Each structure stands twice: as structure tokens, then as C-alpha cells.
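Residue numbers (this note's numbering): 231 to 384.
Where a beta carbon is used, it is the ideal one built from N, C-alpha and C, also for glycine.
Here the structure is a predicted model, which is why all the values come from computation and not from measurement.
Structure record follows, encoded as C-alpha cells.
What follows is the structure, encoded as C-alpha cells:
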């Protein structure tokens, strides 16, 4: 690493079990499994958020597998959201009202954000609107994950 600089703090977390969703409601994703958390800045037990202790510019990503579980086309709107301090910072949306999207959607949202290193935090959220039945966020390290790192040299 040049001149002692590192892309930390950094983290990568995922869901190991499915999480129920409420129809047409933005839902916070409870990423409880840490692959890594370089500086212990991710809360994997209470708030499920990353609060970096170093100020700077950060790159974040969030991928969700939103699954309605039916064999028929049920989903009309699906969304993966990154929020900073409780406000929308980035989202990826499939909106196909008028003709359903299907029964499963995989969406990834990314963004670069300035973080103050003390009180700023980011979280992963999901939204799903479907015709009938129940829906979940998949419980899989390869399908539902959230992470980020500090950018150096910017």
C-alpha cells in the first residue's frame, strides 16, 4: 500500500436466511453475517448499518434478490436502495406496472458518498410490490449482500 494508505474502513456483509417483506413497503435489510469488517464499523446485530470512523469518499454496493416465490408473474416494482443517514442515496429499480416482471428480481445499486467519519451511516434497503402471496429477500451470500470501502487518493 502506497505511503501507508489503505482502502479502509471496508466491509462486506450478507444474509444467510430469508427475510420477509411487506408488500409495497420499503424494508431495511438485516445483513447479519460479516465476511469482513476491517475497522469494526458495521453493526451486524442491532442497526445493520455501516458508520465509518474515517472521513472521506466511499464506494458502496448493495445487491438484493427479491423473490415473490410464485410460478406466475406477480412482481410489478422491485427496488434495491442505499440510504445515507436515512435518506435515499442510490437505487436500482425495475418498474413494469402494466405487465408483471416475474417472480424474482436481482438488482444492484452502487454509489460514491462523502462520509464525515463520525455520525454518517449507510444502510441497505429493499422494496417490492407484488400482486398476491408473500415475498422475501433471499438468504444467500451470493444473492443478498452489502459492502463498501474508503477511496484513497481522491
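- Meets three-Cβ-pair contact criterion under 8 angstroms: the stretch 319-338 and the stretch 255-272: no
- Query: What are the complete alpha helix (DSSP H) segments, minimum 4 residues, inside the stretch 330-364?
  - Reply: none
- Message: Beta-carbon within less than 8 angstroms of residue 259's beta-carbon, same chain only, minus the 5 sequence neighbours each way: which residues are those?
- Response: 245, 249, 278, 292, 294, 353, 354, 355, 356, 367, 374 and 376
- Kindly identify the DSSP beta-bridge partner or partners of residue 244. 263 and 375
- If we call anything under 8 angstroms between Cβ atoms a contact, is residue 369 one with residue 247? Taking 8 angstroms as the Cβ cut-off, residue 369 and residue 247 qualify as a contacting pair.
- Task: Just tell me which of 326, 381, 359 and 287 has its CA closest to the CA of residue 343.
- Result: 287
- Query: Cα separation between residue 317 and residue 280?
  - Reply: 14 angstroms
- The beta strand (DSSP E) enclosing residue 252, as first and last residue numbers: Careful: residue 252 lies outside any beta strand (DSSP E) and carries neither H nor E.
- In DSSP terms, what residue 304 is bridged to: In the DSSP output, where bridge partners are listed per residue, residue 304 has none listed.
- Kindly indicate which three-state DSSP category residue 281 falls into: helix, strand or coil? coil
- Message: Applying the 10 Å Cβ sphere with the 16-neighbour rule, what's the burial state of residue 252?
- Response: Exposed, since its Cβ has fewer than 16 Cβ neighbours within 10 Å.
- Residues that DSSP places opposite residue 310 in a beta bridge: Answer is 322 and 356, bridged to residue 310.
- Query: Where does residue 337 land, buried or exposed, given buried means 16+ other C-beta within 10 angstroms?
  - Reply: buried
- What whole-angstrom Cβ distance do residue 261 and residue 274 have, given they're in contact under 8 angstroms? 7 angstroms
- With 16 other CB atoms within 10 Å as the buried threshold, where does residue 325 fall? exposed
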